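A.B. asks: Residue numbers (this note's numbering), protein chains in the order written: chain A, 60 to 470; chain B, 564 to 738.
Glycine included, C-beta positions come from ideal geometry on N, C-alpha and C.
Just so it is clear, the structure is predicted and the values come from calculations on it, not from any experiment.
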């Protein structure tokens with residue numbers, strides 16, 4: 060199968076070119092490039108304007124996050140997860156938190172789970188807005204970029220309201236959440252959710268029927284369902300080919316099984332279908348946010364963290380008069396909690412696709428190994444297959460439609 | 564959707580590959596099967612192609628360095644069947660003196676980059692991989708950073724008094 064679904068390496072392309080045995084031109088694109096969505100280097104073999112082969116050279120943003128996590132306690136390591144997929148930090152937090160909670164076997168209270176769903180779906184909208192804005196910007200639709208970022212500012216303000224940070228919130232932690240919701244959070248979310256559907260209509264009005272957009276995206280960068288699965292494409296990239304696989308429905312987590320939402324799918328797996336799927340996903344996310352909001356509104360105030368004392372300290376009231384409680388708190392804060400020896404894998408549906416987290420514990424307070432299954436890293440493998448025979452300009456649209464985030468690619 | 568569970572998977576694999584299975588564990592509902600190196604590709608192909616199984620989606624492939632344990636290295640693969648909505652975990656060990664595992668890149672193209680990453684960072688080589696070269700580290704890097712005996716280390720700042728020594732070890736850092 061690999062013969063028909065290749066994954067070229069850069070030196071495969073540069074080697075023959077340097078040896079002077081090819082008639083094609085090899086062009087270097089990146090790592091500094093306005094359209095590569097990060098520090099991505101593409102080695103493109105061109106026959107005039109037509110792409111013959113393209114190989115990705117990654118690693119420019121590799122900061123050793125996985126190895127650094129081995130030197131931090133489990134709770135300290137959450138901060139590092141924010142920085143991988145920097146457009147969806149809450150999703151990264153969630154995948155890590157769920158994996159560690161699975162390893163320990165911890166129950167999260169329903170209120171915390173509902174808040175997690177609300178935050179992750181808001182994050183999905185925010186990430187898709189960046190995708191939409193930058194994708195449109197790459198294809199010269201600059202107004203969409205400005206409109207999308209206007210809405211994104213509102214979501215970032217919401218995150219700041221809740222956690223103090225706009226982007227790297229580290230709000231979803233092992234055992235629940237970092238802080239409780241402030242009093243004005245739910246009303247602010249309500250205002251935002253009332254406004255958002257009209258904004259999505261606005262973006263669609265600008266692009267979906269636009270002949271210029273259609274010409275650049277319909278029939279470009281096609282991949283069929285079997286090749287998509289073989290290449291490990293996930294998320295909207297896979298659903299655009301017609302396969303309705305969404306981890307939130309397939310292997311639900313954080314209570315998603317109790318929410319009502321649809322999985323949009325495309326037909327032929329081209330850039331236009333990926334665009335339509337993500338736009339529909341934004342609408343589904345708005346609906347999910349609304350459902351979570353309604354539950355939170357109706358819910359009495361409650362715990363935002365688990366009461367499990369293996370990972371959470373006793374309540375403050377107990378600490379003030381019990382020495383054991385004080386020592387417990389002290390041990391958790393200095394040494395950290397110790398999951399049982401073993402490993403656990405948990406995957407979630409991040410805005411980019413399936414984000415998996417594999418945690419191995421040796422029984423100590425620091426993880427032995429943490430590995431993230433990064434959807435952007437894996438989807439870059441399909442670039443050559445989708446880009447062959449297309450024009451150079453289509454390559455730009457193709458990268459944008461795959462929606463990679465280089466922080467996640469390189470970790 | 565045809566329901567699939569861990570028991571059905573275990574039965575199928577025990578029928579065909581009883582001697583290849585070194586260990587089975589069911590952890591929090593996830594099925595983990597440890598296999599012999601020699602049967603690695605065959606079992607993976609069985610999981611992918613067998614009509615009743617159809618685990619066509621290789622979700623994750625990574626390595627772990629269990630320094631101090633024999634075998635020292637382990638490659639962990641998560642396969643998913645989209646039809647059955649089921650995931651299994653296959654593991655294979657590789658000893659320190661011969662950290663080599665057969666490659667799955669020809670069966671599952673998605674394993675290509677993931678095996679390159681495991682080679683790059685952990686030094687586990689994959690026999691049969693179309694082009695096993697570094698992916699995250701620079702091409703001329705020496706060593707495998709995610710190994711447990713490789714220091715976390717920070718980069719030494721180059722001042723004029725120590726730059727000669729630093730550049731001797733990192734020739735490309737000069738620019």
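Compare the Cα-Cα distances from residue 404 (chain A) to each of B:722, B:583 and B:625 and report the closest residue.
C.D. replies: Taking the first residue of the first chain as position 1, residue 404 (chain A) is located at position 345. With distances taken between Cα atoms, residue 404 (chain A) lies closest to B:625.
A.B. asks: What's the call for residue 400 (chain A), buried or exposed, on a 16-neighbour Cβ count within 10 Å?
C.D. replies: Numbered from 1 along the first chain, position 341 holds the residue referred to as residue 400 (chain A). Per the 10 Å Cβ criterion, exposed.
A.B. asks: Looking at chain C, which residues of the region 708-737 of chain B have a Cβ within less than 7 Å of any of its Cβ atoms?
C.D. replies: No chain C appears in this structure, whose protein chains are A and B.
A.B. asks: For the alpha helix (DSSP H) that residue 184 (chain A) lies in, which residues bound it at each end?
C.D. replies: Residue numbering aside, residue 184 (chain A) sits at position 125 when the first chain is read from its first letter. Counting along the chain, the alpha helix (DSSP H) containing residue 184 (chain A) begins and ends at 169-197.
A.B. asks: If you reduce the DSSP assignment to three classes, tell me which class residue 722 (chain B) lands in.
C.D. replies: By 1-based counting over the second chain, the position of residue 722 (chain B) is 159. DSSP places residue 722 (chain B) in coil when its eight states are reduced to three.
A.B. asks: When Cβ atoms are compared, which residues of the region 279-294 of chain A fall closer than 7 Å to chain B?
C.D. replies: 288, 289, 290 and 291
A.B. asks: Which class does residue 201 (chain A) belong to by DSSP, given the choice of helix, strand or coil?
C.D. replies: One-based indexing of the first chain puts residue 201 (chain A) at position 142. Three-state DSSP puts residue 201 (chain A) in a helix.
A.B. asks: Tell me whether residue 320 (chain A) sits in a helix, a strand or coil according to DSSP, three-state version.
C.D. replies: Position 261 of the first chain, counted from the start, is the residue given in the question as residue 320 (chain A). Three-state DSSP puts residue 320 (chain A) in coil, outside helix and strand.
A.B. asks: Per DSSP, which one or two residues make a beta bridge with residue 623 (chain B)?
C.D. replies: Taking the first residue of the second chain as position 1, residue 623 (chain B) is located at position 60. According to DSSP, residue 623 (chain B) bridges with B:641.
A.B. asks: Anyone know if the C-beta pair for residue 463 (chain A) and residue 186 (chain A) falls short of 8 Å?
C.D. replies: Against the first chain, residue 463 (chain A) aligns to sequence position 404. Against the first chain, residue 186 (chain A) aligns to sequence position 127. Not closer than 8 Å, so no.
A.B. asks: Buried or exposed for residue 164 (chain A), please, with buried defined as at least 16 other CB atoms from any protein chain shown within 10 angstroms of its CB.
C.D. replies: As a working mapping, residue 164 (chain A) is identified with position 105 in the first chain. Within 10 angstroms of the beta-carbon of residue 164 (chain A) lie fewer than 16 other beta-carbons, which makes it exposed.
A.B. asks: Please name the residue in B:732, B:591 and B:576 whose C-alpha comes closest to that of residue 585 (chain B).
C.D. replies: Counting from 1 along the second chain, the entry for residue 585 (chain B) is found at position 22. It is B:576.
A.B. asks: According to the neighbour-count rule (16 or more other Cβ atoms, all chains shown, within 10 Å of its Cβ), is residue 316 (chain A) buried or exposed?
C.D. replies: If you number the first chain from 1, residue 316 (chain A) lands on position 257. Classification of residue 316 (chain A): exposed, given that the 10 Å Cβ count is below 16.
A.B. asks: Give the straight-line distance between the Cα atoms of residue 641 (chain B) and residue 728 (chain B), rounded to the nearest whole angstrom.
C.D. replies: In the second chain, counting from the first residue as 1, residue 641 (chain B) sits at position 78. In the second chain, counting from the first residue as 1, residue 728 (chain B) sits at position 165. Taking the straight line joining both Cα atoms gives about 44 Å.
A.B. asks: Go through the region 438-464 of chain A residue by residue and report every complete run of the beta strand (DSSP E) that reaches 3 residues or more, in order.
C.D. replies: none
A.B. asks: Look up residue 119 (chain A) in the DSSP assignment and say whether it is helix, strand or coil.
C.D. replies: Your numbering for residue 119 (chain A) matches position 60 in the first chain. Here residue 119 (chain A) sits in coil by DSSP.
A.B. asks: As a quick exercise: from B:660, B:651, B:631 and B:637, pick the residue whose alpha carbon is nearest that of residue 554 (chain B).
C.D. replies: Summary: the structure shown does not reach residue 554 (chain B), with chain B confined to residues 564 through 738, and so no result is reported for it.
A.B. asks: With DSSP run on the structure shown, which of helix, strand or coil describes residue 471 (chain A)?
C.D. replies: Only positions 60 to 470 of chain A appear in this structure, which leaves residue 471 (chain A) out of reach.
A.B. asks: From residue 593 (chain B) to residue 376 (chain A), what does the alpha carbon distance come to, in whole angstroms?
C.D. replies: For the purposes of this step, residue 593 (chain B) is taken as the residue at position 30 of the second chain. For the purposes of this step, residue 376 (chain A) is taken as the residue at position 317 of the first chain. Linking residue 593 (chain B) to residue 376 (chain A) through their CA atoms gives a straight-line distance of about 39 Å.
A.B. asks: Note down the Cα distance separating residue 691 (chain B) from residue 634 (chain B), rounded to an integer number of angstroms.
C.D. replies: Here residue 691 (chain B) refers to the residue found at position 128 of the second chain. Here residue 634 (chain B) refers to the residue found at position 71 of the second chain. Whole-angstrom Cα-Cα distance: 21 Å.
A.B. asks: Would a C-beta distance cut-off of 8 Å place residue 384 (chain A) and residue 197 (chain A) closer than the cut-off?
C.D. replies: For the purposes of this step, residue 384 (chain A) is taken as the residue at position 325 of the first chain. For the purposes of this step, residue 197 (chain A) is taken as the residue at position 138 of the first chain. It is not a contact, given that the beta carbons lie outside the stated cut-off.
A.B. asks: Report all residues from its chain with a CB closer than 8 Å to the CB of residue 298 (chain A); omit the five preceding and five following residues, and keep chain order.
C.D. replies: Within the first chain, residue 298 (chain A) is the residue found at index 239, counting from 1. Take residue 298 (chain A), set aside five residues on each side of it, and the residues of its chain with a beta-carbon closer than 8 Å to its own are 304, 305, 322, 323, 324, 325 and 336, in chain order.
A.B. asks: Any Cβ of chain B within less than 8 Å of the Cβ of residue 213 (chain A)?
C.D. replies: Within the first chain, residue 213 (chain A) is the residue found at index 154, counting from 1. Residue 213 (chain A) does not count as touching chain B.
A.B. asks: Does the region 155-170 of chain A come close enough to the region 441-453 of chain A to have 3 or more Cβ pairs within less than 8 Å?
C.D. replies: Because the criterion of three Cβ pairs below 8 Å is not met, the region 155-170 of chain A and the region 441-453 of chain A do not touch.
A.B. asks: Could you confirm whether any beta carbon from chain A is found closer than 8 Å to the beta carbon of residue 610 (chain B)?
C.D. replies: Locating residue 610 (chain B) in the second chain gives position 47, where the first residue counts as 1. False, the Cβ-Cβ gap to chain A never drops below 8 Å.
A.B. asks: Determine the DSSP secondary structure at residue 396 (chain A), reduced to helix, strand or coil.
C.D. replies: Within the first chain, the letter at position 337 stands for residue 396 (chain A). DSSP places residue 396 (chain A) in coil when its eight states are reduced to three.
A.B. asks: Report yes or no: is there a C-beta of chain B within less than 8 Å of the C-beta of residue 233 (chain A)?
C.D. replies: As a working note, residue 233 (chain A) is residue 174 in the first chain. Not one chain B Cβ lies under 8 Å of residue 233 (chain A).
A.B. asks: Mind checking whether the beta-carbon of residue 406 (chain A) lies closer than 7 Å to any heavy atom of the ligand COA?
C.D. replies: Looking for the ligand COA in the displayed structure turns up nothing, as the structure carries no ligands at all.
A.B. asks: Which chain B residues are close to residue 406 (chain A), counting only those with a beta carbon under 7 Å from its beta carbon?
C.D. replies: Position 347 of the first chain holds residue 406 (chain A). What residue 406 (chain A) touches in chain B: 622.
A.B. asks: Rounded to the nearest angstrom, how far is the Cβ of residue 643 (chain B) from that of residue 622 (chain B), given a contact under 8 Å?
C.D. replies: For the purposes of this step, residue 643 (chain B) is taken as the residue at position 80 of the second chain. For the purposes of this step, residue 622 (chain B) is taken as the residue at position 59 of the second chain. Contact holds; Cβ gap of about 5 Å.
A.B. asks: For residue 371 (chain A) and residue 234 (chain A), which I take to be in contact (beta-carbon distance under 8 Å), what is that distance rounded to the nearest angstrom?
C.D. replies: Position 312 of the first chain holds residue 371 (chain A). Position 175 of the first chain holds residue 234 (chain A). Contact holds; Cβ gap of about 5 Å.
A.B. asks: For residue 287 (chain A) and residue 422 (chain A), what's the separation of their Cα atoms in angstroms?
C.D. replies: Here the question's residue 287 (chain A) lines up with position 228 in the first chain. Here the question's residue 422 (chain A) lines up with position 363 in the first chain. So the two alpha carbons sit approximately 38 Å from each other.
A.B. asks: Round the Cβ separation of residue 96 (chain A) and residue 470 (chain A) to the nearest angstrom and send it over; I've been treating them as touching at under 8 Å.
C.D. replies: For this step, residue 96 (chain A) is matched to residue 37 along the first chain. For this step, residue 470 (chain A) is matched to residue 411 along the first chain. About 16 Å separates the two Cβ atoms, so there is no contact after all.
A.B. asks: Please list, in chain order, all residues of the same chain as residue 673 (chain B) whose beta carbon is under 7 Å from its beta carbon, the five residues on each side excluded.
C.D. replies: For this step, residue 673 (chain B) is matched to residue 110 along the second chain. 621.
A.B. asks: Flag this pair as touching only if the region 384-396 of chain A and the region 136-149 of chain A have three or more C-beta atom pairs under 8 Å; answer yes or no.
C.D. replies: no
A.B. asks: Do you know how far the Cα of residue 612 (chain B) is from the Cα of residue 605 (chain B)?
C.D. replies: Residue numbering aside, residue 605 (chain B) sits at position 42 when the second chain is read from its first letter. Residue numbering aside, residue 612 (chain B) sits at position 49 when the second chain is read from its first letter. For the pair residue 605 (chain B) and residue 612 (chain B), the Cα-to-Cα distance works out to about 10 Å.
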